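If you read the sequence shown in numbering that gives the first Met the number 0, its first letter stands for residue 0, the second for the next number, and so on.
The beta carbon of each residue, even a glycine, is placed where N, CA and C say it ideally should be.
The model shown is predicted, which means the values in this text are computed figures rather than measured ones.
Written below as structure tokens is the structure these notes are about.
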Amino acid sequence: MGSRAVTTRRSFLAVAGLAAAGVAVDAYTGHRPQQAVARLVRTAGGPRQRPQEERRQPGDRPDAVRLLAAPATVDLGGRAVKAWAFNGELPGPELRLRAGQVVRVRLENRLPAATTVHWHGIALRNDMDGVPGVTQPPVEPGQGFDYEFTVPDPGTYFYHPHVGLQVDRGLYGPLVVEDPNEIVGYDREAVLLLDDWTIGVGPTPEQFLARLQRDGMHHAQMSGMSGMKHSAGDMTTGDSRNPLGADAGDVRHPLYLVNGRPPSSPTVLKGRPGERIRFRIVNAAADTAFRLALGGHRLKVTHADGFPVRPVTGDALLLGMGERYDAVVTLGDGVFPLVALAEGKQAQAFAVVRTGRGAAPRAGVRPAELDRWLLTVADLDADRAVDLGGRPIGRTHRLVLVGDMQRYRWTINGRAHHRGPPLQVREGERVRLVFENRSPMWHPMHLHGHTFQLQRAVNLRPGPRKDTVIVRPAERVAVEFEADNPGRWMVHCHNAYHQAAGMMTTLGYVS
Ligand code: C2O
Ligand code: CU
0 MGSRAVTTRR SFLAVAGLAA AGVAVDAYTG HRPQQAVARL VRTAGGPRQR PQEERRQPGD
60 RPDAVRLLAA PATVDLGGRA VKAWAFNGEL PGPELRLRAG QVVRVRLENR LPAATTVHWH
120 GIALRNDMDG VPGVTQPPVE PGQGFDYEFT VPDPGTYFYH PHVGLQVDRG LYGPLVVEDP
180 NEIVGYDREA VLLLDDWTIG VGPTPEQFLA RLQRDGMHHA QMSGMSGMKH SAGDMTTGDS
240 RNPLGADAGD VRHPLYLVNG RPPSSPTVLK GRPGERIRFR IVNAAADTAF RLALGGHRLK
300 VTHADGFPVR PVTGDALLLG MGERYDAVVT LGDGVFPLVA LAEGKQAQAF AVVRTGRGAA
360 PRAGVRPAEL DRWLLTVADL DADRAVDLGG RPIGRTHRLV LVGDMQRYRW TINGRAHHRG
420 PPLQVREGER VRLVFENRSP MWHPMHLHGH TFQLQRAVNL RPGPRKDTVI VRPAERVAVE
480 FEADNPGRWM VHCHNAYHQA AGMMTTLGYV S
């Protein structure tokens, strides 16, 4: 088989190569990779790797975008807070490219802590993925790093550090990859970054985490986890009041933001009546799922995690952390509230869409759409162009998600952080991952470097392509992907607090 030959050409690397690349020491364990890791395949050659071939000297890249990670005073609508930000902006600057183009970013770290940048959702070359101790050394204070990679797939993405709770200090920004063969019709677009916020108005993220670890969770212990529900794809929206179960979050952030603005001083998006606006919505929060609606309008969802779906129209949309959706709306005439309800937290983020005259809606308004048809992944099918189709499964990995509520320790297959050997895959295989949630909380599970397809127990409809999927309490969710991007990749929960408390593992290519 052709894929076999490719594997051989690419599998040049073992521990020695890893060490030479300076990434052999695991940042969390301080250990060198064990035996099982020795056969891991790293990236080399192939379309994703092209930029490497024209290696430049650091700094010798006049066209590189500069991202400066540093403490900065950000204006939360009249309230100045000292946060950490990219280029002093909240959100960080928008990076916009066309599919197939090369991203060149010079990261400069002026934070008082080591950092990296991860390009969430992009199927890029492994050594640019921004995971310290796995794909690169951490970028120390005063140091820099040159990121350079091809963006293969169009879509809505974002970037953030892959270190501790840094994302919850304000370090995130949008990354949009335009489609040269765009099929969606729209007149204008707006990128919406949703966030939960505490810096300067509440405890620090580290204080939140310390409190959780000290006091444990108040979660009711689940008795007898029998009767797992199968596959998200088959579930109806269930209890639309609590679509994620009774416990939707661990932390109460004092504020919820749309594009860095609190409800008291909201972003105002302007348009004309009758125009079609494409929202690119990113949930960049640490611990908050949002239910988003635009008062007086319906949402036509066209993309999930960057990839096209068969358009479906509903009233509201559920987004877990790390998820992105594109939705097209035909604007009415007037002033409308755009509300992102923080699930289970009696709070909301708020923006205003204005196409005509009139007084702005109140920040606390709750549009009726929020309680009508709530769109979730269960409603979405992959567009035919991105349907992976059926193929024999090369291997299946089960990922059991468990939380120790007393110590606030979250594990995958009994392990915290990415100690232990990676889940092995071989290039060219179809791989199935089964997320089995045996904890009383939902988890937005995210895979780096690939876009999987959601599987349904009865595969009459092709599930959407995604890189982040909500796994509800007691639910089992299966996804499949083509193992076509060698390297060592994170698989983790995108709840920043669960991740910091251990809920991550890795997937590694073997020859
Ligand atoms: Cu956006 Cu590994 O994360
Ligand atoms: Cu989680």
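task: Using 10 angstroms around the beta-carbon of SER263, count the other beta-carbons present and answer buried if the total reaches 16, otherwise exposed.
output: exposed
field: Of the residues LEU96, VAL281 and ASP186, the one placed nearest ASP194, counting alpha carbons only
entry: VAL281
message: Distance check for LEU243 and GLU513, CA to CA, integer angstroms please.
response: Any question about residue 513 goes unanswered here, given that the chain covers just 0 to 510.
query: In three-state terms, what does DSSP make of GLU53?
result: Model confidence at GLU53 stands at a pLDDT of 44, short of 50, so the residue's coordinates are unreliable; what they give is reported in the following sentence. It is helical.
- prompt: Any idea if LEU459 is buried or exposed, counting beta-carbon neighbours within 10 angstroms, 16 or more meaning buried?
  reply: exposed
contact_flag[the segment 336–347, the segment 356–365] where n(CB pairs < 8 Å) is 3 or more: yes
- prompt: What span of residues does the alpha helix (DSSP H) with LEU89 cover, start to end?
  reply: LEU89 -> no alpha helix (DSSP H), and no H or E assigned at all.
message: Is the beta carbon of HIS302 closer than 8 Å to that of ASP325?
response: yes
Short Cβ contact (8 Å threshold) for VAL406 with GLY215: The displayed chain sequence assigns Arg, not Val, to residue 406. In contact: ARG406 and GLY215 (Cβ atoms closer than 8 Å).
message: Please classify LYS269 as buried or exposed, where buried requires at least 16 other C-beta atoms within 10 Å of its C-beta.
response: exposed
message: If you follow the beta strand (DSSP E) that TYR324 is in, where does it begin and where does it stop?
response: 323–329
query: On the premise that PRO463 lies in contact with LEU379, defined as a C-beta separation below 8 Å, what is that separation, rounded to the nearest angstrom?
result: 4 Å
message: Can you find the residues in the same chain that come closer than 6 Å, C-beta to C-beta, to LEU96, ignoring five residues on each side of it along the sequence?
response: VAL150 and VAL176
message: Is any non-hydrogen atom of the ligand CU found closer than 7 Å to the C-beta of MET489, if you look at the structure I gave you?
response: no
- request: May I ask you to check if the CB of GLY321 is nearer than 7 Å to at least one heavy atom of the ligand C2O?
  value: yes
task: Tell me where the beta strand (DSSP E) around PRO204 begins and ends.
output: Here PRO204 belongs to no beta strand (DSSP E); instead the alpha helix (DSSP H) covers 204–214.
message: Quick check: GLY486 and ASN125, are their CB atoms within less than 8 Å of each other?
response: yes
- request: Determine the burial state of GLY313: buried for a count of at least 16 other Cβ atoms within 10 Å of its Cβ, exposed for fewer.
  value: buried
query: Of all the CB atoms in chain B, is at least one closer than 8 Å to the CB of CYS492?
result: The displayed structure is made up of one protein chain only, and chain B is not part of it.
- request: Out of LEU340, ALA285 and HIS296, state which residue places its alpha-carbon closest to the alpha-carbon of ARG514.
  value: This structure gives no information on residue 514, because the portion of the chain shown stretches from 0 to 510.
- prompt: Under a Cβ-count criterion, where at least 16 other Cβ atoms within 10 Å of its own Cβ denotes burial, should GLU147 be classed as buried or exposed?
  reply: buried
message: Cutting at 7 Å between CB atoms, please list the residues of its own chain near VAL308, excluding the five before and the five after it.
response: VAL300, THR301, HIS302, LEU379, ASP380, ALA381, ASP382 and PRO463
query: Is TRP409 near the ligand CU, in the sense that its beta carbon is under 7 Å from a heavy atom of that ligand?
result: yes
task: Between the Cα of GLY201 and those of ASP246, PRO153 and VAL250, spot the shortest distance and give me the residue it belongs to.
output: VAL250
Neighbour-count burial assignment, THR395, 16 or more Cβ in a 10 Å radius: exposed
query: Contact between the segment 154–163 and the segment 118–135: three or more CB pairs below 8 Å?
result: yes
beta-carbon MET404 near the ligand CU non-hydrogen atom, thresh 7 Å: no
First and last residue of the uninterrupted alpha helix (DSSP H) at TYR255: TYR255 -> not in any alpha helix (DSSP H); beta strand (DSSP E) instead, spanning 254–257.
task: Would you mind giving the Cβ-Cβ distance between PRO70 and TRP83, rounded to the nearest angstrom? I have them listed as a contact below 8 Å.
output: 6 Å
- request: Would you list the one or two residues that DSSP bridges to TRP409?
  value: GLY402
field: CA-to-CA distance, MET502 to LEU211, given in whole angstroms
entry: 15 Å
- request: At 3 residues or longer, and completely inside the segment 243–296: list those beta strand (DSSP E) runs for me, N to C.
  value: 254–257, 267–269, 275–282 and 289–293
- prompt: Looking only at C-alpha atoms, which of ASP403, ALA285, ARG271 and GLU274 sits nearest to THR197?
  reply: ALA285
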